[in-house]
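Trainee: After the structure tokens below, expect a handful of questions from me.
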Amino acid sequence: EVMPTLDMALFDWTDYEDLKPEV
Amino acid sequence: ADPCHDEGGAPRGCVPGLVNAALGREVLASSTCGRPANRACDASDPRRAHPATLLTSAGGTASPLCWRSDLLQRAPLNVTLTVPLGKAFELVFVSLRFCSTPPASAALLKSQDHGRSWTPLGFFSSHCGLDYGRLPAPADGPAGPGPEALCFPAPQTHPDGGGLLAFSVQDGSPPGLDLDNSPVLQDWVTATDIRILLTRPAMLEDARDDGEVTVPYSYSATELQVGGRCKCNGHASRCLLDTQGHLTCDCRHGTEGPDCSRCKPFYCDRPWQRATAQEAHACLACSCNGHARRCRFNMELYRLSGRRSGGVCLNCRHNTAGRHCHYCREGFYRDPGRALSDRRACRACDCHPVGAAGKTCNQTTGQCPCKDGVTGLTCNRCAPGFQQSRSPVAPCVKTP
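Chains Y and E are the protein sequences, given in the same order.
Just so you know, we're using my numbering here: the first sequence kicks off at 492 and counts up by one.
Just so you know, we're using my numbering here: the second sequence kicks off at 37 and counts up by one.
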């Protein structure tokens, strides 16, 4: 079973702003 | 045929041919006649001049043109002839042919530092003790284990009125020394300059007590020969003029320098050594898989390797690392489909910024460290039985 790649748009960075990768 | 390599291309010791190293070199004479001009010698008239250049020009020997010193009438009666050879040579012999009565005493010296310091090779006198404070040379060579400057008989006067001062490096060296394996003999034969001191005219026997010679005397000589080989330490078969006009070895075996006395910058996998007849001791290139242009030698590593390899590559490029640029630097992994020497042999890990627990992957497989429930080489997918969450800290959670 091939899973879809992680969708960055789905992540909620509200509490993790400092971890948010630069795009 | 390449004298420095065998038929199979393997390096072998090689040496330049025997030449007259003085030929064409400028001779510096401390005294030359003709300034001011006199009846016999006029430095400004080529037909009546006797310059020191005549000592080392390739003139015919049937009717030699001779250098002549000024007339010597009172002490000091020394005249010095100095020949800079331009670079280091390994001497075989030195000779000087006199056009008139040879001197009663002379000394032969060499310099190894282009004239800054001088050491004697031999003395020539019928009164060794009086002239040089030395005993006459023993018939069987020096008594010590190494070469030394001995005092030999003064040159004999030939029937034609001239004479020959001749010195062979073997004259001052004990029998049995082998140039390949004797550093003291190598040192003994090495010279960058030759100097001959003519210290006492033959007629000084007639000199008065005040040192004044009763008959005005001048030294006269031709054909100063310095037989030797351009010193290349076994790593060149010839010497050439460089772009600045300096004589220099045409170095092979990964060596460089005027005498091939050091390894080329990238050829430092083992220490420099002089070549012998048995072993070329070539400098070896560092093994950097094509990813570095510089390396340095590390003696400790060389010893630890059993004296086989001591080179350490510097500034590995193309994202490689290690002593031989043989693995990938942090954040990169080996692409198994490419050769280690390929510029793209190391690929970026490209670990997923959310799915991976770090940026460094396995350098062999490229596998990034994945967070729980995440899979894939770059940790970019949720594992079977997991689904993407909204939390970047735990991107994949078990499917309910």
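Where a beta carbon is used, it is the ideal one built from N, C-alpha and C, also for glycine.
Here the structure is a predicted model, which is why all the values come from computation and not from measurement.
In the DSSP output, what is alanine 313 (chain E) paired with across the bridge?
Mentor: In DSSP, alanine 313 (chain E) forms no bridge with anything.
Trainee: Would you call the stretch 207-223 of chain E and the stretch 132-140 of chain E in contact, with 3 or more CB pairs under 8 Å?
Mentor: The stretch 207-223 of chain E is not in contact with the stretch 132-140 of chain E.
Trainee: Would you call the stretch 101-118 of chain E and the stretch 222-235 of chain E in contact, with 3 or more CB pairs under 8 Å?
Mentor: Yes, the stretch 101-118 of chain E is in contact with the stretch 222-235 of chain E.
Trainee: Could you confirm whether any beta carbon from chain Y is found closer than 9 Å to the beta carbon of phenylalanine 302 (chain E)?
Mentor: No, no contact with chain Y.
Trainee: Determine whether the beta carbon atoms of threonine 291 (chain E) and cysteine 299 (chain E) lie at a separation below 9 Å.
Mentor: Yes; because the gap between Cβ atoms is below 9 Å, this pair is in contact.
Trainee: May I ask which residues mark the beginning and end of the beta strand (DSSP E) holding tyrosine 369 (chain E)?
Mentor: Taken as a continuous stretch (DSSP letters only), the beta strand (DSSP E) holding tyrosine 369 (chain E) covers 368-370.
Trainee: Taking 6 Å as the limit between beta carbons, can you name the residues of its chain near arginine 417 (chain E), skipping five residues before and five after?
Mentor: Closer than 6 Å at the Cβ level, and outside the excluded window around arginine 417 (chain E), lie Thr411.
Trainee: Given this structure, state the Cα-to-Cα distance separating proline 183 (chain E) from tryptophan 224 (chain E), to the nearest angstrom.
Mentor: Distance between the alpha carbons of proline 183 (chain E) and tryptophan 224 (chain E): 7 Å.
Trainee: Within this structure, are the beta carbons of proline 431 (chain E) and lysine 407 (chain E) separated by less than 9 Å?
Mentor: Yes; because the gap between Cβ atoms is below 9 Å, this pair is in contact.
Trainee: Can we say the stretch 83-93 of chain E touches the stretch 42-49 of chain E, given the rule of at least three CB pairs closer than 8 Å?
Mentor: Not touching, per the Cβ criterion.
Trainee: If contact means a Cβ-Cβ distance below 9 Å, which residues of the stretch 498-510 of chain Y contact chain E?
Mentor: Those residues of the stretch 498-510 of chain Y that come within reach of chain E (Cβ to Cβ, closer than 9 Å) are Asp498, Met499, Leu501, Phe502, Asp503, Trp504, Asp506, Tyr507, Leu510.
Trainee: Where DSSP assigns a beta bridge to leucine 260 (chain E), which residues make up the other side?
Mentor: The partner list for leucine 260 (chain E) (beta bridge, DSSP) reads E:Leu132.
Trainee: Rounded to the nearest angstrom, how far is the Cβ of cysteine 214 (chain E) from that of leucine 186 (chain E), given a contact under 8 Å?
Mentor: Residue 214 (chain E) is actually aspartate in this sequence, not cysteine. Actually they are not in contact, since the Cβ atoms of aspartate 214 (chain E) and leucine 186 (chain E) sit about 20 Å apart, beyond 8 Å.
Trainee: Please report the straight-line C-alpha distance between aspartate 278 (chain E) and tryptophan 308 (chain E), rounded to a whole angstrom.
Mentor: C-alpha separation (whole angstroms): 23 Å.
Trainee: Give, in chain order, every residue of the stretch 391-402 of chain E whose Cβ lies closer than 9 Å to some Cβ of chain Y.
Mentor: Those would be Gly391, in chain order.
Trainee: Between the C-alpha atoms of proline 82 (chain E) and lysine 123 (chain E), what's the straight-line distance to the nearest angstrom?
Mentor: Rounded to whole angstroms, proline 82 (chain E) to lysine 123 (chain E) spans 30 Å at the Cα level.
Trainee: For leucine 108 (chain E), name the three-state secondary structure that DSSP assigns.
Mentor: Strand at leucine 108 (chain E).
Trainee: Proline 219 (chain E) lies in the alpha helix (DSSP H); which residues open and close that run?
Mentor: Where proline 219 (chain E) is concerned, the enclosing alpha helix (DSSP H) stretches over 219-225.
Trainee: So which residues on chain Y does arginine 365 (chain E) lean against when the C-beta distance must stay under 9 Å?
Mentor: Neighbours of arginine 365 (chain E) on chain Y: none; closest Cβ ~21 Å, over 9 Å.
Trainee: Compute the distance between the beta-carbons of cysteine 364 (chain E) and glycine 326 (chain E), then report whether it is under 9 Å.
Mentor: No. Outside cutoff.
Trainee: Alpha carbons only, please: which of E:Asp149, E:Phe134, E:Ser147 is nearest the one belonging to proline 191 (chain E)?
Mentor: Minimum Cα distance to proline 191 (chain E) is reached at E:Phe134.
Trainee: Compare the beta carbon distance of leucine 144 (chain E) and phenylalanine 125 (chain E) with 9 Å and say whether it is the shorter of the two.
Mentor: Cβ distance not < 9 Å, so leucine 144 (chain E) and phenylalanine 125 (chain E) don't count as in contact.
Trainee: Going by C-alpha distance, which of E:Pro294, E:Leu171, E:Thr92 is nearest glutamine 280 (chain E)?
Mentor: Comparing Cα positions, the closest option is E:Pro294.
Trainee: Glutamine 314 (chain E): buried (16+ other C-beta within 10 angstroms of its C-beta) or exposed?
Mentor: Per the 10 Å Cβ criterion, exposed.
Trainee: Of all Cβ atoms in chain Y, is any one closer than 9 Å to the Cβ of glutamine 424 (chain E)?
Mentor: Yes, its Cβ sits closer than 9 Å to a Cβ of chain Y.
Trainee: Just how far apart, CA to CA, sit aspartate 509 (chain Y) and alanine 393 (chain E)?
Mentor: Going by the C-alpha atoms only, they are around 16 Å apart.
Trainee: Run through the stretch 294-378 of chain E for me and flag every whole beta strand (DSSP E) of 3 or more residues, listed as ranges in chain order.
Mentor: The qualifying runs are 330-333, 347-350, 368-370.
Trainee: Could you pull the DSSP bridge partners for valine 433 (chain E) from this structure?
Mentor: DSSP, once it has assigned bridges, lists E:Gln423 as partnering valine 433 (chain E).
Trainee: Report buried or exposed for glutamate 366 (chain E), applying the criterion of at least 16 other Cβ atoms within 10 angstroms of its Cβ.
Mentor: Burial call: exposed.
Trainee: At 4 residues or longer, what runs of the alpha helix (DSSP H) sit wholly inside the stretch 148-204 of chain E?
Mentor: DSSP runs (the alpha helix (DSSP H)) wholly in the stretch 148-204 of chain E: 164-168.
Trainee: So the candidates are E:Leu54, E:Ser93, E:Pro52; which of them puts its Cα closest to the Cα of alanine 257 (chain E)?
Mentor: Measuring from the Cα of alanine 257 (chain E), the nearest candidate turns out to be E:Ser93.
Trainee: Taking 9 Å as the cut-off, decide whether the C-beta atoms of serine 162 (chain E) and serine 153 (chain E) are in contact.
Mentor: Against a cut-off of 9 Å, the Cβ pair of serine 153 (chain E) and serine 162 (chain E) comes out as no contact.
Trainee: Under a CB-based cut-off of 9 Å, is leucine 319 (chain E) close to chain Y?
Mentor: The question names leucine, yet the displayed sequence has cysteine at residue 319 (chain E). Closer than 9 Å: no.
Trainee: With DSSP as the reference, identify every bridge partner of lysine 146 (chain E), one or two as the case may be.
Mentor: The partner list for lysine 146 (chain E) (beta bridge, DSSP) reads E:Thr155, E:Ile230.
Trainee: Residues of chain Y with CB under 7 Å from histidine 388 (chain E), in chain order?
Mentor: Chain Y residues near histidine 388 (chain E): Leu497.
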